[in-house]
Amino acid sequence: MLAPTFAHHYAALRAAARPSSNETEAFDGHVFAAMLAAAMTEAEAADVHLCDGIGLSVGETKRLFDRCFPGYKGVLDGVAPSPPSEEETLLVDLLLAHRSGPEPVCSWLATLIARRAMRPDHLWQDLGLNDRGELNRLLSRHFRALHAGNTGNMRWKKYFYRLLCEAEGFSLCAAPSCAVCTDFNDCFGIEDGLSRLADLRRRMEMVA
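This is how it looks when you write it as structure tokens:
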């Protein structure tokens with residue numbers, strides 16, 4: 002029997018979600034479902050624990066599910082996540098310093114975003130979102146000042162690291178300005194690619 006896919010986990014979480022009172026809450030529910038589904042899929046593929054993929058403690062993970070997905074029938078493992086790296090901790094602190102949404106949602110998101118940002122793809126893909134636009138919407142609501150500061154539409158991981166480097170007193174690159182930097186496209190290039198659902202559809206079409 003095939004292991005459950007991202008689409009399977011996402012659908013199960015959405016079916017178990019608490020009813021939303023408005024569009025903003027519905028979007029937050031989608032974001033959490035996408036992040037958790039991405040971590041669940043990764044956990045099964047790599048034989049690791051869910052908490053490792055999201056960075057939350059066992060208690061906070063249960064609290065998130067109780068609040069956002071009270072009808073979820075799956076089994077949550079009780080294994081604590083691996084400790085965050087220094088880099089991850091700095092990113093959590095950066096996000097928390099710019100939070101603008103409700104709690105505990107912002108604190109959960111800061112931890113999840115920082116842990117998923119350690120993965121190799123574009124941040125929106127690491128989070129299981131459909132595109133960069135959804136990530137922009139997420140950050141503009143819950144980390145408003147941070148979102149507003151990215152005036153050049155820099156790739157989000159690059160932007161986060163630029164801020165972290167500046168906070169430590171050094172520059173991320175040696176170029177005098179972004180306009181003359183030979184790595185411009187690495188920081189500001191289009192963040193294209195397939196979402197997890199789109200990639201699944203493409204692979205199914207290739208098999209058919």
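First residue of the sequence shown: 2, per this note's numbering; consecutive thereafter.
Using N, Cα and C, we set each Cβ at its ideal position, and we do this for glycine too.
Predicted model only: the values in this text are computed from it and were never measured.
- Look at residue 74 here: in three-state DSSP terms it is coil, with no helix or strand label.
- In this structure residue 37 is not in contact with residue 95, their Cβ atoms being roughly 23 Å apart against a cut-off of 8 Å.
- Residue 42 is classed as buried because its beta carbon has at least 16 other beta carbons within 10 Å across all chains shown.
- A straight line joining the alpha-carbon of residue 9 with that of residue 170 spans about 45 Å.
- Three or more Cβ pairs closer than 8 Å define a contact, and the segment 55–74 falls short of that threshold against the segment 122–139.
- Residue environment for residue 84: exposed (fewer than 16 other C-beta atoms within 10 angstroms of its C-beta).
- With contacts defined by Cβ atoms closer than 8 Å, residue 142 and residue 62 do not form a contacting pair.
- Annotation: residue 133 to residue 99 spans about 20 Å, alpha carbon to alpha carbon.
- Secondary structure of residue 87 (DSSP, three-state): helix.
- Segment contact: the segment 42–59 against the segment 111–123, three or more CB-CB distances shorter than 8 Å; contact assigned.
- In chain order, 11, 128, 129 and 130 place their CB closer than 7 Å to the CB of residue 35, counting only its own chain and leaving out the 5 sequence neighbours on each side.
- Rounded to whole angstroms, the Cβ separation of residue 144 and residue 101 is 6 Å, and the two are in contact under 8 Å.
- Taking a C-beta distance under 8 Å as the contact criterion, residue 29 and residue 51 do not qualify as a contact pair.
- With respect to residue 89, residue 119 sits close: the two C-beta atoms are nearer than 8 Å.
- Residue 126 and residue 23 have their C-alpha atoms roughly 25 Å apart.
- Scanning its chain for C-beta atoms nearer than 8 Å, with the 5 sequence neighbours on each side dropped, one finds around residue 27 the residues 21, in chain order.
- With 16 or more neighbouring CB atoms inside 10 Å of its own CB, residue 93 falls in the buried class.
- Put simply, the backbone Cα of residue 111 is about 21 Å away from that of residue 152.
- Taking the C-beta atoms as reference points, residue 39 is found no nearer than 8 Å to residue 73.
- In this structure, the beta-carbon distance from residue 13 to residue 75 falls below 8 Å.
- Counting only the Cα atoms, residue 147 lies some 12 Å from residue 158.
- With a cutoff of 8 Å on beta-carbon distance, residue 108 and residue 97 are scored as near each other.
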